[in-house]
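**Q** Going down the list, the sequences are from chains C, X, P and F.
1 is the number of the first residue of the first sequence in the working numbering; add one for each residue after it.
1 is the number of the first residue of the second sequence in the working numbering; add one for each residue after it.
1 is the number of the first residue of the third sequence in the working numbering; add one for each residue after it.
1 is the number of the first residue of the fourth sequence in the working numbering; add one for each residue after it.
Ideal placement from N, C-alpha and C gives every residue a C-beta, glycine not left out.
The structure's right below; bear with me while I get my questions together.
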Amino acid sequence: MAEKTLVDAVNDALHVEMERDATIMVMGEDVGRAGGVFRATAGLRDRFGADRCVDTPLAEAGILGTAVGLAMAGWRPVCEMQYESFSYPCLDQLITHVGRYRWRTGGAMEFPLTIRMPTGGGVRAPELHEDSPEAYYVHTPGVKVAIPSTPADAKGLLAAAIRDPDPVVVMEPKVLYRSPRGEVPEGEHVVPLGRARIAREGADVTLVAYGAMVHTCLEAAELLDASAEVVDIRTLKPLDEETLLGSVAKTGRAVVVQEAPRVAGFGAELVAVIAEKAILDLQGPIVRVTGYDVPFPYWSLEHEYVPTSERVAAAARKVLDY
Amino acid sequence: MAEKTLVDAVNDALHVEMERDATIMVMGEDVGRAGGVFRATAGLRDRFGADRCVDTPLAEAGILGTAVGLAMAGWRPVCEMQYESFSYPCLDQLITHVGRYRWRTGGAMEFPLTIRMPTGGGVRAPELHEDSPEAYYVHTPGVKVAIPSTPADAKGLLAAAIRDPDPVVVMEPKVLYRSPRGEVPEGEHVVPLGRARIAREGADVTLVAYGAMVHTCLEAAELLDASAEVVDIRTLKPLDEETLLGSVAKTGRAVVVQEAPRVAGFGAELVAVIAEKAILDLQGPIVRVTGYDVPFPYWSLEHEYVPTSERVAAAARKVLDY
Amino acid sequence: MAQVLPAEHDVRRIIGDGDGVADGEVEGLDDAALLDLYRAMVLLRTYDERSVVYHSQGRVGTYAIFWGHEAIQAGSALALADEDWIFPSYRESAIGLLRGMTPETVLSWWRGHPAGWWNPREFRIASITVPIATHVPHAVGYAWGARLKGESACALVYFGDGATSEGAFHEGANFAAVMRAPVVLLCNNNQWAISTPLSAQTRAEFLADKAAGYGMPGVRVDGGDVLAVYQATSEALARARAGHGPTFVEALTYRCAPHVTADDPTAYWDAQRVERERENECLGRYDRYLRRLGVLSDELAEDARDDALERMKSGIAAAEALPPPDPEVVFASAYVDPPPTLREG
Amino acid sequence: MAQVLPAEHDVRRIIGDGDGVADGEVEGLDDAALLDLYRAMVLLRTYDERSVVYHSQGRVGTYAIFWGHEAIQAGSALALADEDWIFPSYRESAIGLLRGMTPETVLSWWRGHPAGWWNPREFRIASITVPIATHVPHAVGYAWGARLKGESACALVYFGDGATSEGAFHEGANFAAVMRAPVVLLCNNNQWAISTPLSAQTRAEFLADKAAGYGMPGVRVDGGDVLAVYQATSEALARARAGHGPTFVEALTYRCAPHVTADDPTAYWDAQRVERERENECLGRYDRYLRRLGVLSDELAEDARDDALERMKSGIAAAEALPPPDPEVVFASAYVDPPPTLREG
Ligand SMILES: Cc1ncc(C[n+]2csc(CCOP(=O)(O)OP(=O)(O)O)c2C)c(N)n1
Ligand SMILES: Cc1ncc(C[n+]2csc(CCOP(=O)(O)OP(=O)(O)O)c2C)c(N)n1
Ligand SMILES: [Mg+2]
Ligand SMILES: [Mg+2]
């Protein structure tokens, strides 16, 4: 196994999958000639040709809309949205068609398309380069969503997404693109959708997160006197309730962490699942640590917005002291 | 007070508000010549002229995008989206600009615009005329959201939205447009944003809902042997936590009802608020009754999707028997 | 970049007026083919008129009337090869009838019954798209994808004049040209988007003038003239198949019926203009043309009508005889591999 | 609908080449005005070059370079009346300097500091828009709204060649024409959208050909010729103010610098072409023109440069002297009337 960055693991996955299946096609803004603004698609155009690694016009709804048609013609498009905030123009196609088209054919057709995008803050970038819009995606029927927190998962979840017969959105935490590195299996590597991961075992409190916030939780765990378990959700839909509820059953306490704005974020869904299915296991309130219901701030203030290990630890203490 | 339908109450609010403030402008597809496909804007063009009741080109992002500019020029645009599902093309402008622009000016400018749209199912209409997309709106920072369940609230909340200095989305349950009728105060009538309503008093279990589901909960309450309180949320953001938590504190049990697909819907937020702030008050799990994580079905099957009073009552019994 | 000529402004016509304007002909269309077009139009007309009746009887739900659009639909659809795909809007809901779909299926769609679903691959017809213009990129993607696979299939996408205002139309058209997708963008310019007249939709003098902005040819055709539509579509398809990419076809007609059954157009339309347009409707024009040509007899015409009516009768009977849909259908097809909690609600 | 002529295809030029092509003049621009344009270009050039240096020193974050675009920005902005509004993209981040904004403000924006915020009303300059083309409808709405209020203010919106592919551009342009909004749609056609060349962005031969599809005039202008840009913008503004609605102006230039500081264009661009284009850059061209005219002396030129450099020096010093922003700013301005739970996170 090689040590790789997360973005290199993404690139690796794309190479391996495109080699394996000639119907896979990568498309997006600047994915070809430039190899992607984060270089996630570097080398693909040289290796697989400009027809399978397509620099599209600058039009996100056009990218996703034509991908629907490409899927109907037998392709497996992997669409890159250059930044999460520039995926908003494609929400219409996503909600209106991507998540609905198979159903509309009575199950006669499949739409095995993948949408990948960098996500999240902490990278000191201009406005609208640091959002965390996963809730919009997860709430959309017919669409699955995965967010890796390690290079190995970035490769394996993307491979699973590409192979999945349903549309899958993979959001890659861009703050993790270049570090930390991690061991990544060579060749084919698939992390099945729908399986959470215990990122750290613990006994007293469960810290639940996905993406970059998993690392924040791991740091928070170190700050606590108590023993914290960290659950890395990995796939937001389908959600691995068993692992989540199992951990909460064990610890009796849960802190749910998301970087996105608080109100109606995906963290609320995690809380709702616990509150509905594990109430007897609980020894205290389920507390959320989240971004705020305001726009992601200009980057000199981003540390005031993105949940920190201190904030997570404080929430955990609150639950532990309950 | 006159008995009015909900859609007539909307029409009334628009007349009264436009009369009061000459900077209010209604815009949207077919709002002028035709008076709106539901006739919510009937009479406005005749009364206030084609410049203040504008038939726009067929382009929802264009409607909301130009409304941002109109607001900068000193107008208070009230944009109609013809159906909730045709508001999806405007999500980009909403997330990217409507909820963000004031912040981007350091608070120097206001964007007092209103977006109104019919919402929800139960009307036996073709595909994409029966969605419940409120979660997308509520999750967006900088945007407030109201959903009335009575004609009087439809008038009063819309008036409040129009007068509010911030962008507000008002979603009108279209299944309630024509019935039941209700008393609607004449002239100026404002229902302040951020105040929930106890739609029915009760002692044993709290049924929480908004929009059309309030009526479903009221029906469910009749099916129960226990005494159910029904909380009509009315404003999803800002949320009236006091009324919500007060009711749960009283009954110790909560069932949260939403018509939208379950996963990461606004119901989860309601559950999360309760689970975080009223855990000691709870005598059982917080149960959700929701639409499913599938597209809203073709209308011959819509009753299998939209939560019914039976489903709500069953959930309430489950919580009561806990 | 290739030199693209400005869009044609003259409206193409083939059918004369039986008076000063002489009848033309379309090369390659023999009598049998001419009659196929006629029967297709009669079938569509019958479907449409019966549907309005069924709606008034409460037997179908809200229905999007296409009376007067039959020439556009039949003329273009019959110009296609079998392998070519059609991407319809709600206005072309019954286009499948021209490819062997039963009225039962289409009626079921309007009855909100999942029997109204079809397998797009079976008919090479995509699902009906309700939101305006969002299917334009689908057609473009399909055509582009087929070309990449070395297939010769083209795509035809229908949309209205109002649809040209949507970003989705624009992005799709641009992709089509850039990818040289073999697709025909067929704009049904019926002068109205519900209550909004074309003059409030755009300041472009001709919708076809949008084509130059995408670097594709644009043509204008009399949408009441089935032969002109057939010919313009055939030309566009020939270009597409030869690898020259998309064409924008503006087919001019006039919506002489309410937008949908639920609509009351009296508030916004000009009844006299509607009257005039109805008199000039496309089926009558073609009928008279064929009779001038000596190709159509009373008997053939009656035959076509009877056959269409028969199909509608059995169609509605079959649709009404369907059992109520299995509630399982709600969950059956959203995902190939559904989340385990799918049924929680 | 009004008859709109097809877009002009000839590229407008005023500045000659000091050789075969003679210099022209813009009526109404006296020497003082010519020098104002010069100083504006020097100020922008200096801002840009210093920003790249500051970035390399870690003193500003990612920065969108506009080297070579100064003629487009200065030529158009100085054609405006004071009351007119400007809607910039990230590429025109420093346009405020031409209206008295300090470099400190603009530099702060790129330093991710809220001191980079300004009050749009103060400068009649909307906030910088990062997402491509989404500000086009804002400009259109503003212009439309001002016209409705009986005001004479127009709007000028800047966007790139890539932006013309976005639905937001299309919807905005169409609204502009339909509402006869007094707005100038100024497309900076620098031939690239990051790594995507114009030929992969559109098959249109000329971007200005998009104008006819909206029923508005389209003109093409040499974006390296500040006087041609000034003149074309002035004409468009005169039309707008006279109630004739929007104009699409395609200003041709070539991006001779990386897209942003973070970009490495060597992978995709043609270094020789870039070299040629750099030699022909707009400030040098204007400088030589003014000297041929006898309007610019070494002393005046040096003066302009020194003044600009001085402003930048104090600007960066002031930006760096700012205290770290108050964390309260995170919550201060999202809502006028915030939800009570705003601070919960
Ligand atoms: C995105 C979207 N917005 C609004 C609607 C509501 N709507 C249905 S049909 C229609 C008018 C369409 O006009 P046009 O494109 O000219 O087609 P026509 O109905 O005339 O065939 C509108 C606004 C919709 N279906 N989709
Ligand atoms: C909606 C959206 N999609 C993608 C991006 C990322 N992006 C930033 S600049 C750019 C290229 C823009 O090209 P063009 O419009 O020609 O303007 P230029 O940068 O050349 O001035 C892209 C794709 C964005 N900012 N917004
Ligand atoms: Mg139409
Ligand atoms: Mg460019």
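For ALA240 of chain P, which residues in the same chain have their Cβ closer than 6 angstroms to its Cβ, ignoring the five residues on either side in sequence?
**A** On the third sequence, residue 240 of chain P is found 240 positions in, with the first residue counted as 1. Closer than 6 angstroms at Cβ, skipping near neighbours: CYS154, PRO182.
**Q** Could you give the DSSP three-state label for GLY246 of chain C: helix, strand or coil?
**A** Start at 1 with the first residue of the first sequence, and residue 246 of chain C comes out as number 246. GLY246 of chain C: helix per DSSP, three-state reduction.
**Q** DSSP three-state call for GLU3 of chain X: helix, strand or coil?
**A** The count along the second sequence starts at 1 and reaches residue 3 of chain X at position 3. In the three-state scheme derived from DSSP, where H, G and I count as helix and E and B as strand, GLU3 of chain X is classed as strand.
**Q** Which residues, taken in chain order from the stretch 48-60 of chain X, show a beta carbon closer than 9 angstroms to some beta carbon of chain F?
**A** ASP51, ARG52, VAL54, THR56, PRO57, ALA59, GLU60
**Q** Please decide whether GLU92 of chain F counts as near chain P, where near means a Cβ-Cβ distance under 7 angstroms.
**A** If you number the fourth sequence from 1, residue 92 of chain F lands on position 92. Answer no: the Cβ-Cβ gap between GLU92 of chain F and chain P never drops below 7 angstroms.
**Q** Measure the alpha-carbon distance for GLU310 of chain X versus PHE111 of chain C and round it to whole angstroms.
**A** On the second sequence, position 310 is the one that residue 310 of chain X refers to. On the first sequence, position 111 is the one that residue 111 of chain C refers to. Answer to the nearest angstrom: the Cα atoms are 35 angstroms apart.
**Q** Find the residues of chain P that neighbour TYR101 of chain C, judging by a C-beta separation of less than 8 angstroms, and give them in chain order.
**A** Here residue 101 of chain C refers to the residue found at position 101 when the first sequence is read from its first residue. SER127, listed in chain order.
**Q** Which chain C residues are close to SER165 of chain F, counting only those with a beta carbon under 9 angstroms from its beta carbon?
**A** Residue mapping note: residue 165 of chain F aligns to position 165 of the fourth sequence, counting from 1. Those within 9 angstroms of SER165 of chain F in chain C are THR56, PRO57, LEU58, ALA59, GLY62.
**Q** Please return the same chain residues whose Cβ sits closer than 8 angstroms to the Cβ of ALA2 of chain P, not counting the five positions on each side in sequence.
**A** On the third sequence, residue 2 of chain P is found 2 positions in, with the first residue counted as 1. Only weak support exists for where ALA2 of chain P lies, its pLDDT of 47 falling under 50; the value from the coordinates is given anyway. Contacts found: GLY215.
**Q** Let me make sure I understand the geometry here. Which of F:VAL260, F:PRO131, F:ALA242 has the alpha-carbon closest to that of SER195 of chain F?
**A** In the fourth sequence, counting from the first residue as 1, residue 195 of chain F sits at position 195. Considering only alpha carbons, the answer is F:VAL260.
**Q** Would THR46 of chain F pass as an interface residue toward chain C - the criterion being a Cβ-Cβ separation below 7 angstroms?
**A** Translated into positions along the fourth sequence, residue 46 of chain F becomes position 46. Judged by the 7 angstroms Cβ criterion, THR46 of chain F is not in contact with chain C.
**Q** State the DSSP-derived secondary structure class of MET109 of chain X, mapped to helix, strand or coil.
**A** The sequence position of residue 109 of chain X within the second sequence is 109, counting from 1. Three-state DSSP puts MET109 of chain X in coil, outside helix and strand.
**Q** Hey, ARG332 of chain C and ASP240 of chain C: beta-carbon distance below 7 angstroms or not?
**A** No answer is possible for residue 332 of chain C: it lies beyond the span of chain C, which begins at 1 and ends at 322.
**Q** Could you check the C-alpha separation between ALA115 of chain P and ALA64 of chain P for me, to the nearest Å?
**A** Taking the first residue of the third sequence as position 1, residue 115 of chain P is located at position 115. Taking the first residue of the third sequence as position 1, residue 64 of chain P is located at position 64. Computed Cα separation, rounded: 18 angstroms.
**Q** Taking 6 angstroms as the cut-off, is the CB of ASP161 of chain F close to at least one heavy atom of ligand 2?
**A** Position 161 of the fourth sequence, counting from 1, holds the residue named residue 161 of chain F. Yes, the beta carbon of ASP161 of chain F sits closer than 6 angstroms to at least one heavy atom of ligand 2.
**Q** For VAL319 of chain C, is the classification buried or exposed, using 16 other Cβ atoms within 10 angstroms of its Cβ as the cut-off for buried?
**A** Walking along the first sequence from the start, residue 319 of chain C turns up at place 319. Residue environment analysis places VAL319 of chain C among the buried positions, since at least 16 neighbouring C-beta atoms fall within 10 angstroms of its C-beta.
**Q** Grouping DSSP H, G and I as helix and E and B as strand, with all else coil, what is MET1 of chain P?
**A** If you number the third sequence from 1, residue 1 of chain P lands on position 1. Any reading at MET1 of chain P is ruled out, since the residue's pLDDT is 40, under 50, leaving its predicted position unreliable.
**Q** Can you tell me which of the three DSSP states PHE159 of chain P falls into?
**A** In the third sequence, residue 159 of chain P corresponds to position 159, counting from 1. If DSSP states are grouped into helix, strand and coil, PHE159 of chain P belongs with the strands.
**Q** Would you verify that the beta carbon of TYR158 of chain P is, or is not, closer than 7 angstroms to some beta carbon of chain C?
**A** Mapped onto the third sequence, residue 158 of chain P falls at position 158. No, TYR158 of chain P does not count as interfacial toward chain C.
**Q** Closest Cβ-Cβ distance between ALA331 of chain C and chain X: below 7 angstroms?
**A** Nothing in the structure corresponds to residue 331 of chain C, since chain C is present only between 1 and 322.
**Q** In chain F, which residues lie less than 8 angstroms from ARG104 of chain X when you measure between Cβ atoms?
**A** On the second sequence, position 104 is the one that residue 104 of chain X refers to. Under the 8 angstroms cutoff, chain F gives TRP117, SER127.
**Q** Please identify, using Cβ separations under 9 angstroms, the residues of the stretch 110-126 of chain X that lie next to chain C, in order along the chain.
**A** Answer in chain order: no residues at all.
**Q** For a quick check, are the C-beta atoms of GLN353 of chain X and VAL37 of chain X less than 7 angstroms apart?
**A** Nothing can be reported for residue 353 of chain X: it is not among the residues displayed for chain X, which extend from 1 to 322.
**Q** Going by alpha carbons, who is nearest to VAL60 of chain P out of P:ALA334, P:VAL136, P:PRO103, P:GLU250?
**A** As a working note, residue 60 of chain P is residue 60 in the third sequence. For the residues P:ALA334, P:VAL136, P:PRO103, P:GLU250, the minimum Cα distance to VAL60 of chain P belongs to P:PRO103.
**Q** Pick from P:ALA79, P:GLY24, P:SER165, P:ALA332: whose alpha carbon is nearest that of PRO197 of chain P?
**A** Numbered from 1 along the third sequence, position 197 holds the residue referred to as residue 197 of chain P. Closest by alpha carbon: P:SER165.
**Q** What do you reckon, is the C-beta of ASN190 of chain F under 6 angstroms from a heavy atom of ligand 2?
**A** Along the fourth sequence, one-based indexing puts residue 190 of chain F at 190. Answer for ASN190 of chain F: yes, Cβ within range of ligand 2.
**Q** If you compare alpha carbons, which of C:MET27, C:THR41, C:ARG33 is closest to HIS15 of chain C?
**A** Position 15 of the first sequence holds residue 15 of chain C. For the residues C:MET27, C:THR41, C:ARG33, the minimum Cα distance to HIS15 of chain C belongs to C:THR41.
**Q** Count the other C-beta atoms from every protein chain shown that fall within 10 angstroms of the C-beta of ASP263 of chain F, then say buried if there are 16 or more, exposed otherwise.
**A** Against the fourth sequence, residue 263 of chain F aligns to sequence position 263. Within 10 angstroms of the beta-carbon of ASP263 of chain F lie 16 or more other beta-carbons, which makes it buried.
**Q** Please list, in chain order, all residues of the same chain as LEU309 of chain F whose beta carbon is under 8 angstroms from its beta carbon, the five residues on each side excluded.
**A** As a first step, residue 309 of chain F must be located in the fourth sequence, where it is residue number 309. Here the set comprises THR46, ARG50.
**Q** Under 7 angstroms, do PRO307 of chain X and VAL256 of chain X count as touching if we go by C-beta distance?
**A** As a first step, residue 307 of chain X is located in the second sequence; it is residue number 307 there, counting from the start. As a first step, residue 256 of chain X is located in the second sequence; it is residue number 256 there, counting from the start. Their beta carbons are not under 7 angstroms apart, which means PRO307 of chain X does not touch VAL256 of chain X by this criterion.
**Q** With 7 angstroms set as the bound, which would you pick, yes or no: does the beta-carbon of TYR335 of chain P sit closer than that to a beta-carbon of chain C?
**A** The count along the third sequence starts at 1 and reaches residue 335 of chain P at position 335. It does; some Cβ of chain C falls within 7 angstroms.
**Q** Give the straight-line distance between the Cα atoms of PRO126 of chain C and VAL178 of chain P, rounded to the nearest whole angstrom.
**A** As a first step, residue 126 of chain C must be located in the first sequence, where it is residue number 126. As a first step, residue 178 of chain P must be located in the third sequence, where it is residue number 178. Looking at the two C-alpha atoms, the distance is approximately 30 angstroms.
**Q** For the beta strand (DSSP E) containing ALA254 of chain C, name the first residue and the last one.
**A** Reading the first sequence from its first residue, position 254 is the one you call residue 254 of chain C. 254-261 is the span of the beta strand (DSSP E), which, as asked, contains ALA254 of chain C.
**Q** Give the C-beta separation of CYS79 of chain C and LEU113 of chain C to the nearest angstrom, bearing in mind that I take them to be a contact with Cβ-Cβ under 8 angstroms.
**A** Numbered from its first residue, the first sequence carries residue 79 of chain C at position 79. Numbered from its first residue, the first sequence carries residue 113 of chain C at position 113. Indeed they touch by this definition, with Cβ atoms about 7 angstroms apart.
**Q** Shorter than 6 angstroms, the distance from the beta carbon of ALA193 of chain P to the closest heavy atom of ligand 1, or not?
**A** In the third sequence, counting from the first residue as 1, residue 193 of chain P sits at position 193. Indeed, a heavy atom of ligand 1 lies less than 6 angstroms from the Cβ.
**Q** Using the Cβ count rule (16 or more neighbours within 10 Å means buried), how would you classify MET171 of chain C?
**A** Translated into positions along the first sequence, residue 171 of chain C becomes position 171. Buried, since its Cβ has 16 or more Cβ neighbours within 10 Å.
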